[in-house]
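Q:
Residue numbers (my numbering): 22 to 117.
1) Is the shortest distance between the beta-carbon of residue 29 and the beta-carbons of chain C less than 8 Å?
2) Please specify which runs of the alpha helix (DSSP H), each continuous and at least 4 residues long, are wholly inside the stretch 47-84, giving them in chain order.
3) Output the distance between the C-alpha atoms of residue 109 and residue 87, rounded to the nearest integer angstrom.
4) Express the C-alpha separation of residue 58 and residue 91 in angstroms, rounding to a whole number.
5) Roughly how far, in whole angstroms, is the beta-carbon of residue 49 from the beta-carbon of residue 61, given that I think they are within contact range, below 8 Å?
6) Run through DSSP, which three-state label would residue 27 get?
7) By Cβ distance below 6 Å, which residues in the same chain neighbour residue 71 in space, the five residues on each side in sequence not counted?
8) Buried or exposed, going by whether 16 or more other CB atoms sit within 10 Å of the CB of residue 69?
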């Protein structure tokens, strides 16, 4: 399993030094087999921007799946955009 942690807008002016760290992202990738990987992610800034008052929903969350078959890689990802719906992404990668 791989985990990543990122911070967004660290250089922005803010009330205190520690408040700059509230805009973060975290992601992970689980290797199921050499050919299959599961991915997840969370963006706190996106959640704050897309969540309406009084609603929680799934804004800021994302999940995906990667499959490698011979020379081809297929990647699928879903990102929740709160009340706006969701974003589906499909990628096909191959070596020429």
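Every residue gets a Cβ at the ideal spot worked out from N, C-alpha and C, and that includes glycine.
A: Inspection of the coordinates gives the following:
1) The structure shown contains no chain C; it is built from a single protein chain.
2) 65-71
3) Counting from one through the chain shown, the residue named residue 109 turns up at place 88. Counting from one through the chain shown, the residue named residue 87 turns up at place 66. Answer to the nearest angstrom: the Cα atoms are 14 Å apart.
4) For the purposes of this step, residue 91 is taken as the residue at position 70 of the chain shown. For the purposes of this step, residue 58 is taken as the residue at position 37 of the chain shown. Answer to the nearest angstrom: the Cα atoms are 15 Å apart.
5) Walking along the chain shown from the start, residue 49 turns up at place 28. Walking along the chain shown from the start, residue 61 turns up at place 40. Rounded, the Cβ-Cβ distance is 5 Å, consistent with contact.
6) Sequence index remark: in the chain shown, residue 27 carries index 6 (1-based). Strand.
7) As a position in the chain shown, residue 71 is number 50, starting the count at 1. Excluding sequence neighbours, residue 71 sits near 80, 102 and 103.
8) What you label residue 69 is simply residue 48 of the chain shown in a count that begins at 1. Exposed is the call here.
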